[in-house]
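S.K.: Take a look at the following structure, please.
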Amino acid sequence: MKLWYSFTKELVLSSKSWYFYIELGMAIILLLILVFVVPEEFNSKGNEYLFLDLPQVVRDRYRDTLLEEDLDETAEMVEVEADKTIFNAEMYETEESKIYLLDSMDALNAFSSSERVPAVHVHVNEDNQIIHTYYLQGYETQKLKNLLLVFHNRKAGYDVIDDYSDNIIVRSIYQDIEPLTDRQNLIPVFLTFNGSLMSLFIISAYIFLDKSEGIIKAYAVTASTVWQYLLSKIGVIIITSIATSLIITVPIMGLQPNYPAMILFVVTSGFFAASLGLYITSFYKDIVQAFGALYIVIVIMIMPNISYFTPSWDPDWIKIIPSYIMLQSFKEIVSLNGNIAYVLVASLGFTVLGLDIFILANHRFKKTLTL
Amino acid sequence: MIKVKNLYHSYSNDDKYAVDDVSFEISKGEIFGFLGPSGAGKSTTQNILTGLLQLQKGDVEVAGYDVKNIKNKMFNKIGMSFEQSNVYSKMSGLENLEFYGKLFDVKTRDPMELIRMVGLDGKEHIKAGKYSKGMKHRLTFARSMINNPELWFLDEPTTGLDPAIASHIKDIIKEENEKGVTVFLTTHNMYIADELCDRVAFIVDGKIRLIDSPKELKLKYGEKLVEVEYFRNGELVKESFSTVVEEERNKLIEVIKGNDLQTMHSKEATLEEIFIKVTGRGLV
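Going line by line, the protein sequences match chains A and B. In terms of numbering that gives the first Met the number 0, the first sequence has 368 at position 369, counting the first letter as 1, and numbering is strictly consecutive. In terms of numbering that gives the first Met the number 0, the second sequence has 160 at position 161, counting the first letter as 1, and numbering is strictly consecutive.
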C-alpha cells in the first residue's frame, strides 16, 4: 500500500516536473522527424558522370546500351551545375544509379575537380580501343579499384561478368519476414534510446533533485522502505517510457508490431536501465559529479548503433552491450512475424539483471542516505 | 528510550573518529540536549540513532530496537525534525503532511491540526516551494509529529525562526514532552537547551565531555554570589554577597530590608560559560 502511495505521489510530482514533458515532447519531435523528414526509403542511387569522347557511331551504341537499362527507356535532358557553371547533360536512370552524360571535357573537369565526385572520360586510343579513364578522388577503396580493373579487363569482359552474376542465387534465410522500410528501421533505435535507455538518465535526474531537497533522508525516517521509494520512481519512469514508445510507434507502424511484447520489453529493459541509473547515482552527491560515469555509459550504449546500421560490422563483444540486445529485440517486435522468443528471453534476462542491480542499488542507497 | 554504549564512527574507515567512544542513556519522558559546536559529532550520532548512517562499532538501542538491524516498525515510534528543511517543494504544505502520514503503520495526526499548531493555517494549500525558509522549517517540524512519536529527534528546531515563533515552537516541545514524549535535542543554542532540557551532554571532537542537568551544572560551575544595586543615602551602590557565607547572607537580608533595591541578580554561570570552562572551546 505504501508503495502505491509513493507511486501515485511520484506520478503527481512527475506531472509537475519538466523532465516528464521533455520526454513526451521528445517523443513527439522524433515522430515528426520520422513522418516529415525521414523518407520511406533512403535514395541510395549513386550519380555517375561520364564524357563520351567517342566517334558518333560508338557513342550511339553506348547510348543504346544505356537506354536499354533506363527505367523508362528514355534519356532526359537536364542541366547540371558544377563550379558555379551550368552544363547540359543527358540523364539515364537505372535501378542502381543515375548516369549523366556530360557534353564536354570542361564539364567533366568541373565535376571532378570542384564537385569532388568520381568522373569517367571514355575515349578511343590510337589502336581504336575504348579507354575508360577514371578520375578518382582518393577516398575510393582498393576493392572498388580492383573491381574496376576486373570490369575493364578484356579477359573478363562484360559477358563473363554478366554470366557470373546471372548464376548467383540470392536466397533469403528468413523468408517469412518482411524487411522493414528505412523509416521503420529507425524505430528500434528511437525506442531503445528514448524509451529504455532514457530511464537511466531520467532516474538520475529525479534522484539528484530529491537529494538536493533532502527528501530521501525524510523518507528514510518513515516506516516505509528505501526500496519502495526507489521502485516507485522506476514505476513512474516506465509509465513514461511506455507512453513515449507508443507515441513513436503507433502512427508509423499501425497494428504491425506485437504491442504486448513491446510493452513487456519496455518494462523489463526500462527496469534494467533505471536500476543501472540508480546504482551509478548511489555513488555520487550530485549530477555534476555523476556526469563522467553517465557519459561513459552513454558512449558505450551508443556503440551498438554502428553495428545496427552496418550489419557487416558485428563483433562478438558488441553483442554483450545491453543496447545491442534492446535494438535487436525492438526490431523483432516491430517486424512482421518477428522472433518473439528472442524478445521473451531478452526480457527475462533484463528482469534478472535489473533485479540484481536494483538490490545492489538499494543496498548502496541505505548506506549513503546522508550523502 | 535510548541506550548508546561505546559508539564509534569514522567517515574514512580508519581511526579518525567523528564519534569516539560515546556512551549515554536517555530515559522515557526526558528531554536530552546534545550540545556542541559544528563538527563536534552531534549530527553523526543522531544520524546513527535514526538509521541514516550505518552503525559501525558500538551498541545502540533506540525505542527498544537494536540499531544494528533496524526494523521499519521502529520508525512508527520515531519523529525526526531536520535542521535543513526537506519537504516536497512541488506539493502544498497540507499535501506534504498527508503524504507522509500514509507512510506509517500507526494512527497518524490530522495534518490540519499540525498545520494550525505551527501557525501555517491559511497557507496550507500553497506549494511548499513558495514558503519562506522559516515556514518550511515549521512544516518540517510539523511533519516530525505526524505519527505521534514516542521518541522525537529535533535538530536545531528553532534555527532561523523569529523569536516569537521560536518561543511558540519551544512551547510545543514542552507540551509534547508533558504528554510523555522523549526528546533528543541536538543544538548549539545553549539558551534553548537551558530552557528545555532535563539533562545535557557536551560533545567536542566526537567525545562526550560531560552529562548532567543544567541546574546541577550551574550549581557546580557557577559562582555562588548575588549582585545587588540599591540606593544608600541617595547614591546608587553596587555590591556582591556570597550565598554560602553566613555573615554575607545576613548582610544581604539587611540590604534588602532597609534599602530601595534597583536590581538583584544571582551570579550563576550560563550553560555557554560552563561549556567553555569544561571543554576549553566555544560553541561556534
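Note that beta-carbon positions come from the ideal geometry of N, C-alpha and C, so glycine has one too.
Write down every uninterrupted run of the beta strand (DSSP E) in the region 140-205 of chain B whose length is 3 residues or greater and which is fully enclosed by it, in chain order.
M.R.: With a minimum length of 3 residues, the continuous beta strand (DSSP E) runs that stay inside the region 140-205 of chain B are 150-154, 181-186 and 198-203.
S.K.: Taking only beta-carbon positions, decide if residue 212 of chain A is within less than 8 Å of chain B.
M.R.: yes
S.K.: Does residue 37 of chain B get closer than 8 Å to chain A when you measure Cβ to Cβ?
M.R.: no
S.K.: Please go through the same chain and pick out, in chain order, the residues whose beta-carbon is closer than 7 Å to the beta-carbon of residue 231 of chain B, but skip the five residues on each side of it.
M.R.: 258
S.K.: In this structure, does DSSP put residue 84 of chain A in helix, strand or coil?
M.R.: strand
S.K.: Which complete alpha helix (DSSP H) runs does the region 101-152 of chain A hold, if anything under 4 residues is left out?
M.R.: 104-112 and 141-151
S.K.: Of all the options B:157, B:177, B:176 and B:178, which has the alpha carbon lying nearest to the alpha carbon of residue 168 of chain B?
M.R.: B:157
S.K.: Expressed to the nearest angstrom, what Euclidean distance is found between the alpha-carbon atoms of residue 315 of chain A and residue 342 of chain A?
M.R.: 19 Å
S.K.: From the DSSP output, in three-state form, read off residue 262 of chain B for me.
M.R.: strand
S.K.: Assuming contact is defined by CB atoms lying nearer than 8 Å, are residue 66 of chain A and residue 92 of chain A in contact in what I supplied?
M.R.: Cβ atoms of residue 66 of chain A and residue 92 of chain A: not closer than 8 Å.
S.K.: Starting from residue 81 of chain B, trace the beta strand (DSSP E) both ways and give me its first and last residue.
M.R.: No beta strand (DSSP E) holds residue 81 of chain B; DSSP gives it neither H nor E.
S.K.: Let me check understanding here. Comparing Cα to Cα, which of A:201, A:182, A:202 and A:242 lies closest to residue 334 of chain A?
M.R.: A:182
S.K.: Closer than 9 Å, Cβ to any Cβ of chain A: which residues of the region 94-111 of chain B, in chain order?
M.R.: 94, 98, 99, 101, 102, 103, 104 and 105
S.K.: Which of helix, strand or coil does DSSP assign to residue 25 of chain A?
M.R.: helix
S.K.: Pull up the distance between the alpha-carbon of residue 260 of chain A and that of residue 339 of chain A, whole angstroms please.
M.R.: 7 Å
S.K.: For a quick check, are the C-beta atoms of residue 229 of chain A and residue 364 of chain A less than 8 Å apart?
M.R.: yes
S.K.: Quick check: is any heavy atom of the ligand NAD less than 7 Å from the C-beta of residue 111 of chain A?
M.R.: In the structure shown, the ligand NAD is absent, as is every other ligand, since no ligand is present at all.
S.K.: Any beta-carbon of chain B closer than 8 Å to the one on residue 15 of chain A?
M.R.: Yes, because at least one Cβ of chain B sits closer than 8 Å to the Cβ of residue 15 of chain A.
S.K.: Between the region 128-145 of chain B and the region 61-69 of chain B, do three or more beta carbon pairs fall short of 8 Å?
M.R.: No: the two stretches stay apart, fewer than three of their Cβ pairs being nearer than 8 Å.
S.K.: If you draw a straight line from the alpha carbon of residue 234 of chain A to that of residue 291 of chain A, how long is it in whole angstroms?
M.R.: 26 Å
S.K.: State buried or exposed for residue 124 of chain B, treating a residue as buried only when at least 16 other CB atoms are found within 10 Å of its CB.
M.R.: Around the CB of residue 124 of chain B, fewer than 16 other CB atoms lie within 10 Å, so the residue is classed as exposed.
S.K.: Going by DSSP, name the residue or residues bridged to residue 238 of chain B.
M.R.: Answer is B:227.
S.K.: Closest to residue 303 of chain A by CA distance: which of A:192, A:356, A:358 and A:353 is it?
M.R.: A:192
S.K.: Check each candidate in A:128, A:166, A:143 and A:215 and name the one with the smallest Cα separation from residue 284 of chain A.
M.R.: A:215
S.K.: Can you look up residue 394 of chain A in the DSSP assignment and give me helix, strand or coil?
M.R.: A question about residue 394 of chain A goes unanswered here, because the residues of chain A that appear run from 0 up to 370.
S.K.: Where does the unbroken beta strand (DSSP E) through residue 22 of chain B begin, and where does it stop?
M.R.: That run of the beta strand (DSSP E) goes 18-25.
S.K.: Whose C-beta lies closer than 7 Å to the C-beta of residue 189 of chain A among residues of the same chain, with five residues either side of it excluded?
M.R.: 29 and 247
S.K.: Using a beta-carbon distance below 8 Å, is residue 88 of chain B in contact with chain A?
M.R.: Taking CB atoms only, residue 88 of chain B has a neighbour in chain A less than 8 Å away.
S.K.: Determine the burial state of residue 327 of chain A: buried for a count of at least 16 other Cβ atoms within 10 Å of its Cβ, exposed for fewer.
M.R.: buried
S.K.: Going by DSSP, name the residue or residues bridged to residue 8 of chain B.
M.R.: B:18
S.K.: Using only CA atoms, which one of B:151, B:234 and B:214 lies nearest to residue 80 of chain B?
M.R.: B:151
S.K.: Look up residue 33 of chain B in the DSSP assignment and say whether it is helix, strand or coil.
M.R.: strand
S.K.: Mind the definition here: the region 175-195 of chain B touches the region 4-17 of chain B only if three or more C-beta pairs lie below 8 Å; say whether that holds.
M.R.: Cβ pair count under 8 Å is below three, so no.
S.K.: What residues from chain B crowd round residue 235 of chain A, counting only those whose CB sits closer than 8 Å?
M.R.: In chain order: nothing, as chain B lies at least about 14 Å away.
S.K.: Taking only three categories from DSSP, how would you classify residue 208 of chain B?
M.R.: strand
S.K.: Does DSSP classify residue 281 of chain A as helix, strand or coil?
M.R.: coil
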